[in-house]
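Novice: Residue numbers (full-length UniProt numbering): 1 to 99. Glycine included, every Cβ here is placed at the ideal spot set by N, Cα and C. Quick caveat, the model's predicted, so the values are computed rather than measured. Can you read through this structure? Questions will come right after.
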């Protein structure tokens, strides 16, 4: 089943986000290579594809896992979580309908 994983950035963590980004992307690429990644990306803090110093409000990952507990464990090991980028995280089952 797919799970939507949302991380909300803590204030002032843009530098930590950028430092952790290569390791974060490597984990996402592994999911992609396994055919389990549906979509992933950041949510800019402002209405712009390049928010500059405004940074990001958080990130969304939708990927396939055997259970919600597995998705929660995967997210807990993410570099953004471990480096304190995310103030809050949530994991919810996701049912893909379209396209």
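So, helix, strand or coil for residue 60, using DSSP?
Specialist: Reduced to three states, the DSSP call for residue 60 is strand.
Novice: What residue does the alpha helix (DSSP H) around residue 72 start on, and which one ends it?
Specialist: 68-76 is the extent of the alpha helix (DSSP H) around residue 72.
Novice: Between the segment 35-48 and the segment 80-88, do at least 3 Cβ pairs fall closer than 8 Å?
Specialist: No, the segment 35-48 is not in contact with the segment 80-88.
Novice: Excluding the 5 residues flanking residue 62 on each side, which residues of the same chain have their C-beta closer than 6 Å to its C-beta?
Specialist: So the list reads 2, 4, 38, 39 and 94, once near-sequence residues are dropped.
Novice: Quick check: what's the CA-CA separation for residue 48 versus residue 54?
Specialist: Going by the C-alpha atoms only, they are around 10 Å apart.
Novice: Return the Cβ separation of residue 85 and residue 9 in integer angstroms, given the expectation that the two are a contact with Cβ distance under 8 Å.
Specialist: Confirmed, about 6 Å.
Novice: Can you find the residues in the same chain that come closer than 6 Å, C-beta to C-beta, to residue 65, ignoring five residues on each side of it along the sequence?
Specialist: Counting only Cβ-Cβ distances below 6 Å, and skipping sequence neighbours, we find 3 and 71.
Novice: Using CA atoms only, rank isn't needed, just tell me which of 11, 51 and 92 is closest to residue 69.
Specialist: Ranking the options by Cα distance to residue 69, first place goes to 92.
Novice: Taking the beta strand (DSSP E) that residue 38 belongs to, which residues open and close that run?
Specialist: That run of the beta strand (DSSP E) goes 37-44.
Novice: Is the CB-CB distance between residue 52 and residue 6 below 8 Å?
Specialist: Not a contact, by the Cβ cut-off of 8 Å.
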